[in-house]
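A.B. asks:
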Amino acid sequence: MKLNGEVTITGKNIAKLPIDVKKIIAAKVTVLLKQYKDTMLQFKPEELIIKFFDPGDAIVLLKKNTNQLIGFVKNKLWPGKNEYGQKVYEFGSWIVNKEFQHKGYGHYLAKLAVKSLKEKNPKAQLIAVCDLNSKKAIEILKQLGSKEINKPKNVEVLLGEGQAKVVILDMSIINY
1 MKLNGEVTIT GKNIAKLPID VKKIIAAKVT VLLKQYKDTM LQFKPEELII KFFDPGDAIV
61 LLKKNTNQLI GFVKNKLWPG KNEYGQKVYE FGSWIVNKEF QHKGYGHYLA KLAVKSLKEK
121 NPKAQLIAVC DLNSKKAIEI LKQLGSKEIN KPKNVEVLLG EGQAKVVILD MSIINY
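Residue 1 is where the sequence shown starts when you use UniProt numbering, and the numbers rise one by one after that.
Structural data, given as structure tokens:
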């Protein structure tokens with residue numbers, strides 16, 4: 001999968017990068033996430049490396065020649081298994097740098113997240129937990145082929161009183 005000759009670093013490959021390169025990429029991701037601090041979970045660079053880069057659960061897109069960060073996504077492993085005995089990963093921190101939005105990179109990152117997980121664990125389920133107000137994200141994921149499902153038994157949706165209602169989409173069925 002290629003769009004415009006960008007550099008794609010997916011799960012197993014990001015895990016193999018030298019630590020100094022991981023630190024540079026993690027710092028870039030942290031800066032991008034801070035632009036959306038009201039709606040995105042925030043991570044320190046060290047957290048990104050330990051929780052997502054080292055286990056191979058992150059995807060990064062960089063612009064060729066400049067190494068400018070185009071976008072980032074992570075797949076978070078939930079403890080336990082779903083009712084079908086599968087490990088469940090949650091697709092999240094799906095973010096595209098503003099200057100690269102509306103150019104297909106969001107679609108591309110979502111497909112790469114599915115592909116990366118299927119290479120790592122072909123039997124795992126990948127879900128997206130979307131705020132019902134995130135109509136564009138839900139629309140894109142459904143266009144790609146995801147389907148609305150009930151919450152897997154091992155997944156805890158962490159919402160406090162007065163917070164948004166969510167929809168859960170199964171992304172495992174997306175063709176990449």
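Beta carbons: idealized from backbone N, C-alpha and C, even for Gly.
#1: Touch check for the region 24 to 35 and the region 131 to 151: three-plus C-beta pairs under 8 Å?
#2: When the Cα of Lys151 is compared with those of Gln143, Ile127 and Ile173, which residue comes out closest?
#3: Is it the case that the region 78 to 92 contacts the region 60 to 70, given that we only count it when at least three CB pairs across the two stretches are under 8 Å?
#4: Using a 10 Å radius around the Cβ and a threshold of 16 neighbouring Cβ atoms, would you call Tyr105 buried or exposed?
#5: Tell me where the beta strand (DSSP E) around Asn75 begins and ends.
#6: Using a threshold of 8 Å, state whether the C-beta atoms of Ile19 and Val114 are closer than that.
#7: Classify Ala27 as helix, strand or coil using the three-state DSSP reduction.
C.D. replies: So, from the data block:
#1: The region 24 to 35 vs the region 131 to 151: no contact.
#2: Here residue 151 corresponds to residue number 151 of the sequence shown, with the count starting at 1. Checking every option, the nearest Cα to that of Lys151 belongs to Ile127.
#3: no
#4: Here residue 105 refers to the residue found at position 105 of the sequence shown. Tyr105 is buried by the Cβ-count criterion.
#5: Locating residue 75 in the sequence shown gives position 75, counting from the first residue. Run containing Asn75: Leu69 to Leu77, per the beta strand (DSSP E) assignment.
#6: On the sequence shown, residue 19 is found 19 positions in, with the first residue counted as 1. On the sequence shown, residue 114 is found 114 positions in, with the first residue counted as 1. No. Outside cutoff.
#7: Here residue 27 refers to the residue found at position 27 of the sequence shown. Here Ala27 sits in helix by DSSP.
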